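Those protein sequence lines, which keep their order, are chains A and B. The working numbering numbers the first residue of the first sequence as 222 and each following residue consecutively. The working numbering numbers the first residue of the second sequence as 222 and each following residue consecutively. Beta carbons are placed, not taken as given, at the ideal position from N, Cα and C, and that holds for glycine. Nothing here was measured: the structure is a model prediction, and the numbers come from that model. Some notes on the structure that comes next.
Number of protein chains: 2
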Amino acid sequence: MASANVYASIITIGDELLIGQTIDTNSAWMAQELNKIGIWVHRRVAIGDVWEDIWKALDDESRLSEIILITGGLGPTADDITKPLLCQYFGGKLVVNEDALNNVKNIFLNILKRPMIERNLKQAEVPDVCTVIQNRRGTAPGMLFEKDGKVFVSMPGVPHEMKGMMINHVLPVLQEKFQMPPIIHRTLLTAGIGESFLAERISDFESTLPSNIKLAYLPNYGMVKLRLSARGRSEKLRAELEAEFDMLKQKVSDVMVIDEDLTMQQVVGNLLKEKGKTVGTAESCTGGYIAHLFTANPGSSVYFKGSVVSYANTVKTDILSVDPQTLKDHGAVSKETASQMVKGALKMLKTDYVLVTTGIMGPDGGSPEKPVGTVWVGVGDGHRTELHEFHFRFDRQRNIELTATNALNMLRKFILNPH
Amino acid sequence: MASANVYASIITIGDELLIGQTIDTNSAWMAQELNKIGIWVHRRVAIGDVWEDIWKALDDESRLSEIILITGGLGPTADDITKPLLCQYFGGKLVVNEDALNNVKNIFLNILKRPMIERNLKQAEVPDVCTVIQNRRGTAPGMLFEKDGKVFVSMPGVPHEMKGMMINHVLPVLQEKFQMPPIIHRTLLTAGIGESFLAERISDFESTLPSNIKLAYLPNYGMVKLRLSARGRSEKLRAELEAEFDMLKQKVSDVMVIDEDLTMQQVVGNLLKEKGKTVGTAESCTGGYIAHLFTANPGSSVYFKGSVVSYANTVKTDILSVDPQTLKDHGAVSKETASQMVKGALKMLKTDYVLVTTGIMGPDGGSPEKPVGTVWVGVGDGHRTELHEFHFRFDRQRNIELTATNALNMLRKFILNPH
């Protein structure tokens, strides 16, 4: 089967999504993976554990899309609605699946080393009209149904269980069945320019873009990603996309961080790896967040050595050798303190570069001279130190994020421009 | 107007949600705030910047819900679909709103200190049939429409702009208009027990729960929240909920962290504040993440002094005084190293307590003796040291989260049980 467009709907089931206790990260991941094999997500719908709402969603979405992916409603404490409903919707009855049963038993006997309870065994029951998708990462099996040429897949809501099923089973099946040309993307990252100014700057480019290539703006904490997309596998289309992407790169060269779909911390990490250099941080206001961003990348131990989170002034003086008199005269949030933090961090961490932050993230701690959002960032390599003052004007979380982004960008420029 | 149940639908507009480039955090926040004033979210729907999809979503959701909250589609680079569509849907024409225009001008002249462009000025245009909701945090105004007794609100997708409008305008208007009894919750946090075992343990309790009180399980990284909910403002109902909550607490007393809706790091922070004690961390495998969790809390400087992120062994030896011979004999991920990290961290950070982690988060770095997921956590106060080995079996991100949760819980128990 092949058609012009293949659409998918994602249905997430669970009260926790409707009362706001859980943030849905599954759908974004699923959409990315579906895009790679040429399937476009048409709609995402979140509903509660309510029989008629689930039934209606299955009806509605199967009118709009060829593929309906369902997550949630299968946990051991779910209200036993989803599985009986799927049974009735597709006309079958619940039976024990031997593979799923063995999987549940194996998890309890060999991995958790705990006795099983009735509730766990019931997870091995599936409608007899589905293809069972074994769950290698948990106890609830997945189920694949076909009806009137549409494919329905029900998976658990636990992210790593759903991901395992998607990668090992669902995506290969969909790719085989629909054989869509992939959606190809070219993405670049900019920093330090607002969305509207970026749009103004590339408005000529945008207006002459051929209709088969789409441009998207993706703003995020002081950065904007620009993405060109097209659908197809021909060499001609690829070349066309490349040519447009080259033109776009020229338009934004001065604010471009990288011409790939990477995060700022990945870009800085790759740069350090390339140059065989190491980095450490001394963080006051970011409280370890930049160190966390670095170390969230697998393999970061090659270039990231460590951090001194100097939240208290005593840690600034004791470990980073900041002069108490400097703190007294200029305050912790000052050029002078940031400068001494750079020196102290280089001495203690023995890295090629250090990145330091000191600021007021709010909601309290501001003053007329130094309002909430005032931040000093420093970068140094033992020969040269760069210090810069920033003023953010948001809430605590956003101020921490913006400080981290701008600090990492300062470090990136510092490494690239060895004056 | 008052009725038995008031339902809301949330519609999010934007291709970025369908291609998975953005994770929707707005909906969860909105749902929580709506719940507080007695409004239940019936469905959440995400759609792209497509005229007919937006039109259909407005039609469908207004058949199901009294309140339709729309976010996104209003940015300066949006494809100019949402505002003209709302105009046509509600039968009006676009006019410049003076307040919104002054707001845009003020942001550019006084805050951004940049020249304005046409694209920015266009953001001050609104349909003449709406109530304008001024945006104090950005350039795109919100719009409130009423049609056939239903309320429609369109807001920007930028989280802190949407939140400002909701708090200052939308929620008060909805509360005034619908006057719903609030949904009251009582929540407790457990750690160290799986969802199915928790369910087994409280199955008697669950089966005798009165029908007007609902129980929900909310699992998250080694913790499960249990929440009882009821709707109403009567004293009798409150007392009934309290009594059931007390019973639930007794059933789970040994695994309960706190009988409030708090995060583990808030619980530990509050405990330290209460006792007037300070803490610091020495983090290898968690790479600053625990420090970040502490410092994300406003006011954490009272109890959190700092951290040594000793990702490289040289930082463990140089700053934390771990004996190089210990690293050679036992490895960085060992009881012996964790124990020396506790001593070194206490010496350097001069806090009442320290929390240390060293482990292998994956995907690489594992061995048959120490597979990925092996972690040593240590807690100490100078008199006593507790060390514990954990084995997680997930991906890097999840292993970091689980290590942080379990480490914080170890610290909590250590503080509470001064043997």
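Check the Cβ of residue i against every Cβ in chain B and list those closer than 7 Å, keeping chain order.
{"i": "residue 250 of chain A", "result": "241"}
{"i": "residue 236 of chain A", "result": "437"}
{"i": "residue 516 of chain A", "result": "508, 509, 532"}
Taking the beta carbon of residue i as the centre, do at least 16 other beta carbons fall within 10 Å, making it buried, or is it exposed?
{"i": "residue 489 of chain B", "result": "buried"}
{"i": "residue 644 of chain B", "result": "Here chain B comprises residues numbered 222 to 640, so residue 644 of chain B is not present and cannot be evaluated."}
{"i": "residue 474 of chain B", "result": "exposed"}
{"i": "residue 391 of chain B", "result": "buried"}
{"i": "residue 356 of chain B", "result": "buried"}
{"i": "residue 423 of chain A", "result": "buried"}
{"i": "residue 605 of chain B", "result": "exposed"}
{"i": "residue 261 of chain B", "result": "buried"}
{"i": "residue 272 of chain B", "result": "exposed"}
{"i": "residue 224 of chain B", "result": "Note that residue 224 of chain B scores a pLDDT of 44, beneath 50, so its modelled location is shaky; the value from the coordinates is reported in the next line. Classification of residue 224 of chain B: exposed, given that the 10 Å Cβ count is below 16."}
{"i": "residue 312 of chain A", "result": "exposed"}
{"i": "residue 457 of chain A", "result": "exposed"}
{"i": "residue 455 of chain B", "result": "exposed"}
{"i": "residue 348 of chain B", "result": "buried"}
{"i": "residue 630 of chain B", "result": "buried"}
{"i": "residue 335 of chain B", "result": "exposed"}
{"i": "residue 344 of chain B", "result": "buried"}
{"i": "residue 287 of chain B", "result": "buried"}
{"i": "residue 428 of chain A", "result": "exposed"}
Can you name the start and end residues of the beta strand (DSSP E) that residue i belongs to?
{"i": "residue 286 of chain A", "result": "Taken as a continuous stretch (DSSP letters only), residue 286 of chain A belongs to no beta strand (DSSP E), as it is neither H nor E."}
{"i": "residue 643 of chain B", "result": "The question about residue 643 of chain B has no answer, for chain B in this structure spans 222 to 640."}
{"i": "residue 407 of chain B", "result": "404-412"}
{"i": "residue 230 of chain B", "result": "227-234"}
{"i": "residue 426 of chain A", "result": "Taken as a continuous stretch (DSSP letters only), residue 426 of chain A belongs to no beta strand (DSSP E), being part of the alpha helix (DSSP H) at 424-428."}
{"i": "residue 375 of chain A", "result": "371-376"}
{"i": "residue 267 of chain A", "result": "260-268"}
{"i": "residue 481 of chain B", "result": "No beta strand (DSSP E) holds residue 481 of chain B; DSSP gives it neither H nor E."}
So, at 7 Å on beta carbons, what are the nonlocal neighbours of residue i in its own chain, with the 5 sequence-adjacent residues on each side left out?
{"i": "residue 551 of chain A", "result": "557, 558"}
{"i": "residue 470 of chain A", "result": "409, 477, 480"}
{"i": "residue 222 of chain B", "result": "Caution is warranted here: a pLDDT of 36 is assigned to residue 222 of chain B, below 50, making its placement in the model unreliable, and the coordinate value is therefore given only provisionally. Only 398, 399 meet the Cβ criterion."}
{"i": "residue 379 of chain B", "result": "359"}
{"i": "residue 560 of chain A", "result": "599, 606, 608"}
{"i": "residue 487 of chain B", "result": "518"}
I'd like the span of the alpha helix (DSSP H) that includes residue i, first residue to last.
{"i": "residue 532 of chain B", "result": "Residue 532 of chain B -> no alpha helix (DSSP H), and no H or E assigned at all."}
{"i": "residue 394 of chain B", "result": "392-399"}
{"i": "residue 343 of chain B", "result": "Counting along the chain, residue 343 of chain B falls outside any alpha helix (DSSP H), and DSSP gives it neither H nor E."}
{"i": "residue 461 of chain B", "result": "456-472"}
{"i": "residue 332 of chain B", "result": "Neither: residue 332 of chain B is in no alpha helix (DSSP H) and is coded neither H nor E."}
{"i": "residue 386 of chain B", "result": "380-386"}
Excluding sequence positions up to five away, which residues of its chain have a Cβ less than 8 Å from the Cβ of residue i?
{"i": "residue 595 of chain A", "result": "554, 580, 581, 587, 610, 611, 612"}
{"i": "residue 616 of chain A", "result": "583, 584"}
{"i": "residue 544 of chain B", "result": "538, 561"}
{"i": "residue 548 of chain B", "result": "534, 537, 538, 558"}
{"i": "residue 285 of chain B", "result": "228, 230, 263, 264"}
At a CB-CB cut-off below 9 Å, which residues of chain A make contact with residue i?
{"i": "residue 280 of chain B", "result": "Ordered by position in chain A, no residue passes the 9 Å Cβ test against residue 280 of chain B, which lies about 12 Å from the chain."}
Can you name the residues of chain A whose CB is closer than 7 Å to the CB of residue i?
{"i": "residue 579 of chain B", "result": "The premise fails here: residue 579 of chain B is roughly 12 Å from chain A at the closest Cβ pair, so nothing lies under 7 Å."}
{"i": "residue 397 of chain B", "result": "Here the premise fails: no neighbours, minimum Cβ distance about 22 Å."}
{"i": "residue 616 of chain B", "result": "381"}
{"i": "residue 245 of chain B", "result": "245"}
Residue i versus chain B: which residues are under 9 Å apart at the beta carbon?
{"i": "residue 253 of chain A", "result": "240, 241, 242"}
{"i": "residue 535 of chain A", "result": "526, 527, 570, 571"}
{"i": "residue 348 of chain A", "result": "By Cβ distance, chain B contributes nothing, its closest Cβ being about 22 Å from residue 348 of chain A, past 9 Å."}
{"i": "residue 585 of chain A", "result": "519, 520"}
Output, in chain order, the set of chain A residues within a Cβ distance shorter than 8 Å of residue i.
{"i": "residue 291 of chain B", "result": "By Cβ distance, chain A contributes nothing, its closest Cβ being about 15 Å from residue 291 of chain B, past 8 Å."}
{"i": "residue 452 of chain B", "result": "Result: empty, since nearest Cβ-Cβ is about 12 Å, beyond 8 Å."}
Using a Cβ-Cβ cutoff of less than 6 Å, which residues in the same chain neighbour residue i once the five nearest sequence positions on both sides are dropped?
{"i": "residue 416 of chain B", "result": "438, 440, 445"}
Within the present structure, is the beta-carbon of residue i separated from the nearest heavy atom of the ligand ATP by less than 6 Å?
{"i": "residue 575 of chain B", "result": "This structure lacks the ligand ATP; in fact it carries no ligand of any kind."}
Below 8 Å on C-beta distance, what does residue i contact in chain B?
{"i": "residue 297 of chain A", "result": "416, 417, 420"}
Three or more C-beta pairs below 8 Å linking the region 425-444 of chain A and the region 612-632 of chain A
yes
Is the region 255-274 of chain B close to the region 263-271 of chain A, with three or more CB pairs under 8 Å?
yes
Would you call the region 250-259 of chain B and the region 307-318 of chain B in contact, with 3 or more CB pairs under 8 Å?
no
Please confirm if the region 527-534 of chain B is in contact with the region 513-526 of chain A, defined as three or more CB-CB distances below 8 Å between the two stretches.
Segment contact: the region 527-534 of chain B against the region 513-526 of chain A, three or more CB-CB distances shorter than 8 Å; contact assigned.
Is the region 566-575 of chain B in contact with the region 533-540 of chain A, if contact means three or more CB pairs nearer than 8 Å?
yes
Please determine if the region 505-513 of chain B and the region 506-517 of chain A are in contact, where contact requires at least 3 C-beta pairs separated by less than 8 Å.
yes
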